[in-house]
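Engineer: Numbering (my numbering), first residue to last: -10 to 90.
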Amino acid sequence: MKKKVILGILLIFLIALVPLFALKDAEFGGSDDAGSQVVEEVDSSYEPWATPILERIIGGELPGEVESLFFCIQTGIGVGIIAFIMGRFVERRKWMNKEEK
């Protein structure tokens, strides 16, 4: 069991680190940027028909740090939910094994 965990952790690190060295000169952009470029190529006179609610409230565009903060908060909430569900599965397995004995 310990060997599987160690191999899993090593595999995770390899998956995370190999692209950093293999793709040194690559430029990564977000899907928002790619979508904006395509829309501009198709129709350069396009005007967005809606604005984000927070931009309306503060009267301008959100700073990049705030957008990153909101993205991190969403990520944390998602990870928390997934960890909770996985923990429930582990506990269920423990209880099932106790009942069998």
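C-beta: ideal position from N, C-alpha, C; glycine also.
For L12, name the three-state secondary structure that DSSP assigns.
Structural biologist: Three-state DSSP puts L12 in coil, outside helix and strand.
Engineer: Thinking E50 and E44 are a contact (beta carbons under 8 angstroms), I'd like their distance in whole angstroms, please.
Structural biologist: Going by Cβ atoms, the distance from E50 to E44 rounds to 6 angstroms, so yes, they are a contact pair.
Engineer: Can you give me the C-alpha to C-alpha distance between Q63 and K13, rounded to a whole angstrom?
Structural biologist: Their Cα atoms are separated by approximately 29 angstroms.
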